[in-house]
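> Everything in the sequence shown is counted per my numbering, starting at -4 for the first residue and increasing by one.
C-beta: ideal position from N, C-alpha, C; glycine also.
Please find one structure pasted underneath; my questions will follow.
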Amino acid sequence: MNMKVNYCGLEFKNPIVTASGTFGFGWEYGEYASLSEYGGFGAKGLTRTPRAGNPAPRIAETASGILNSVGLQNPGVEYFAEEIMPLLKDADTNVIANMSGNTVEEYCEMAQILSETDTAIIEMNISCPNVRHGGLAFGTDPKTVEELTAAVKKHCKKPLVVKLSPNVTSITDIAKAAEAGGADGLSLINTLMGMKIDINTRRPILANNTGGLSGPAVKPVAIRMVHEVYNAVKLPIIGMGGVMSGADVIEFMIAGARLVALGTGMFVKPDLILDVKRDIAAYMEKFGIEDINDIVGTLTLN
């Protein structure tokens, strides 16, 4: 059985990667499962300069997931390029660098810096506030998405994957805009905005009031959006949102994802990758599937 997947011209030994922000810089999970088990992993989101993140509390558990408002705590893109990537050169997996910016210039500078490293892919998070346009997120306006993608692509020597926000009116319009701007691939979905209230104090539990919802609760939304985007553009997709099992990975692939990311599920089970790979192998054997790529985008609607 073949589990190898080609994504943006790169070979992944299997379709399983990790979602940025859930996997640190890789070695944090090393005692649970080798990095070589993954097709690739998404490193913690980077900004142009170091960030301390938001004040605590910044994580809140929900009935079927978590709310997070970590605030992109990270050591900055230059530290990652100079100090962290050299430590990952023998990881035997593809490293996906994730970047967030507040201006077009910041994104372009980060793309240029990351392009000189051994990262396989650069993932651009567009759920960030555009400080020059009233703080609205870059990823909510198709015209802005196209312009940003086109600008960053000029400075990017690695495949550029645009990470889409679900907090929009039309996910397909945003996907088409990223494609028009020259993106090489798409990843979706980012977290849904949510809130949790302490009924005793009548105040939000998170210090930042709202946070991003991830976990099983968002999976049906993510599956629907992956399906819609798969049918709207020609770009390869990394699907994510509430993956807890191999069955979830397969569901995303049937909807149209070529790679699928583990995220919140690894907070529950840090070695989830091992179960997921076994689940996928059992599914392929059960249905006589010789190549995992054969199930991508095979959804038949009623």
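For the putative contact between M235 and G258, defined by C-beta atoms under 8 Å, what is the C-beta separation to the nearest angstrom?
Locating residue 235 in the sequence shown gives position 240, where the first residue counts as 1. Locating residue 258 in the sequence shown gives position 263, where the first residue counts as 1. That belief holds up - the Cβ atoms of M235 and G258 are roughly 6 Å apart, short of 8 Å.
> What is the C-beta distance between D87 and L30, in whole angstroms, given that I count them as a contact (C-beta under 8 Å)?
Along the sequence shown, one-based indexing puts residue 87 at 92. Along the sequence shown, one-based indexing puts residue 30 at 35. Right, their Cβ atoms sit about 7 Å apart.
> Is Y74 helix, strand or coil by DSSP?
Stepping through the sequence shown from its first residue, residue 74 is reached at position 79. Y74: helix per DSSP, three-state reduction.
> For N(-3) and G35, what's the separation of their Cα atoms in angstroms?
By 1-based counting over the sequence shown, the position of residue -3 is 2. By 1-based counting over the sequence shown, the position of residue 35 is 40. Their Cα atoms are separated by approximately 17 Å.
> With a Cβ-Cβ cutoff of 7 Å, do I218 and V156 count as a contact?
Counting from one through the sequence shown, the residue named residue 218 turns up at place 223. Counting from one through the sequence shown, the residue named residue 156 turns up at place 161. Going by C-beta atoms, I218 is not nearer than 7 Å to V156.
> Using three-state DSSP, classify A28 as helix, strand or coil.
Translated into positions along the sequence shown, residue 28 becomes position 33. Of the three classes helix, strand and coil, the one that applies to A28 here is coil, per DSSP.
> Round the Cβ separation of N97 and E118 to the nearest angstrom and send it over; I've been treating them as touching at under 8 Å.
Position 102 of the sequence shown holds residue 97. Position 123 of the sequence shown holds residue 118. Their Cβ separation, rounded to whole angstroms, is 17 Å, which puts N97 and E118 out of contact at 8 Å.
> Compute the beta-carbon to beta-carbon distance between L187 and L159, rounded to the nearest angstrom, for a pair I have assumed lies under 8 Å.
Against the sequence shown, residue 187 aligns to sequence position 192. Against the sequence shown, residue 159 aligns to sequence position 164. Wrong, their Cβ atoms sit about 12 Å apart, outside the cutoff.
> Taking the Cβ atom as the reference point for each residue, do I233 and A256 lie within a distance shorter than 7 Å?
Position 238 of the sequence shown, counting from 1, holds the residue named residue 233. Position 261 of the sequence shown, counting from 1, holds the residue named residue 256. Yes, the Cβ-Cβ distance between I233 and A256 is below 7 Å.
> Relative to the C-alpha of T295, which candidate in I284, E174, H222 and S15 has its C-alpha closest?
Here the question's residue 295 lines up with position 300 in the sequence shown. Distance check between T295 and each of I284, E174, H222 and S15 places H222 closest, using alpha-carbon atoms only.
> Counting along the chain, where does the beta strand (DSSP E) carrying K158 start and finish?
For this step, residue 158 is matched to residue 163 along the sequence shown. L155 to K158 is the span of the beta strand (DSSP E), which, as asked, contains K158.
> State whether the region 71 to 84 contacts the region 140 to 156, with contact taken as three or more CB pairs (one from each stretch) at a distance under 8 Å.
Contact fails: fewer than three Cβ-Cβ distances are below 8 Å.
> Which class does P81 belong to by DSSP, given the choice of helix, strand or coil?
Translated into positions along the sequence shown, residue 81 becomes position 86. P81 falls in the helix class under three-state DSSP.
> How many angstroms separate the CA atom of N1 from the CA atom of G180?
To locate residue 1, count along the sequence shown from 1; it is residue 6. To locate residue 180, count along the sequence shown from 1; it is residue 185. If I take the Cα positions, the gap works out to 12 Å.
> Am I right that D243 and Y27 are in contact with their C-beta atoms under 8 Å? What's the rounded C-beta distance?
Position 248 of the sequence shown, counted from the first residue, corresponds to residue 243. Position 32 of the sequence shown, counted from the first residue, corresponds to residue 27. So it is not a contact: roughly 19 Å between Cβ atoms.
> CB-CB under 7 Å to P211, same chain, minus the five flanking residues each way: which ones, in chain order?
Within the sequence shown, the letter at position 216 stands for residue 211. S59, G60, G237 and M239.
> Assuming G176 and K148 form a contact by the criterion Cβ under 8 Å, report the distance between their Cβ atoms to the nearest whole angstrom.
Residue mapping note: residue 176 aligns to position 181 of the sequence shown, counting from 1. Residue mapping note: residue 148 aligns to position 153 of the sequence shown, counting from 1. The Cβ separation is near 7 Å, so the contact holds.
> What residues are listed by DSSP as bridge partners for Y2?
Working through the sequence shown from its first residue, we reach residue 2 at position 7. Looking at the DSSP assignment, Y2 forms a beta bridge with L5.
> With distances taken between CB atoms, is the gap from Y225 to G134 smaller than 7 Å?
Start at 1 with the first residue of the sequence shown, and residue 225 comes out as number 230. Start at 1 with the first residue of the sequence shown, and residue 134 comes out as number 139. No, Cβ-Cβ distance for Y225 and G134 is not below 7 Å.
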